[in-house]
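In the UniProt record's numbering, the protein residues as written are 1 to 75.
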Amino acid sequence: MNITKTLDAKGLACPMPIVRTKKAIEEVNSGEVLEVVATDAGAKSDLTAWTKSSGHELLETKEEDGVYTFYVEKG
């Protein structure tokens, strides 16, 4: 997977990870991948719902030691 940009949203509480993700996705081109790293467990459901409603694709989600990593392909 070729990651274009990484967003560090660790330590941010809901809704800030999704707010920052919306801003960061504007900085990449269609088809490129944004990596989002967050510690807020709510980010998992938020990002899943947001990608479905916004036309982007959540390619993969990982969780390790309370850190969630999301890979979002811009639609």
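C-beta atoms are modelled at their ideal positions from N, C-alpha and C, and glycine is treated no differently.
Rounded separation between residue 34 and residue 5 - CA only
Against the sequence shown, residue 34 aligns to sequence position 34. Against the sequence shown, residue 5 aligns to sequence position 5. Rounded to whole angstroms, residue 34 to residue 5 spans 5 Å at the Cα level.
First and last residue of the uninterrupted beta strand (DSSP E) at residue 7:
Taking the sequence shown and counting its residues from 1, the one referred to as residue 7 is at position 7. Segment 3–9, the beta strand (DSSP E) holding residue 7.
So who's on the other strand from residue 37, going by DSSP bridges?
Against the sequence shown, residue 37 aligns to sequence position 37. 8, 69.
Just how far apart, CA to CA, sit residue 43 and residue 7?
Taking the sequence shown and counting its residues from 1, the one referred to as residue 43 is at position 43. Taking the sequence shown and counting its residues from 1, the one referred to as residue 7 is at position 7. One C-alpha to the other measures close to 13 Å.
Measuring alpha carbon to alpha carbon, tell me which of 65, 60, 50 ends up nearest residue 20.
Residue numbering aside, residue 20 sits at position 20 when the sequence shown is read from its first letter. The shortest C-alpha separation from residue 20 is found at 50.
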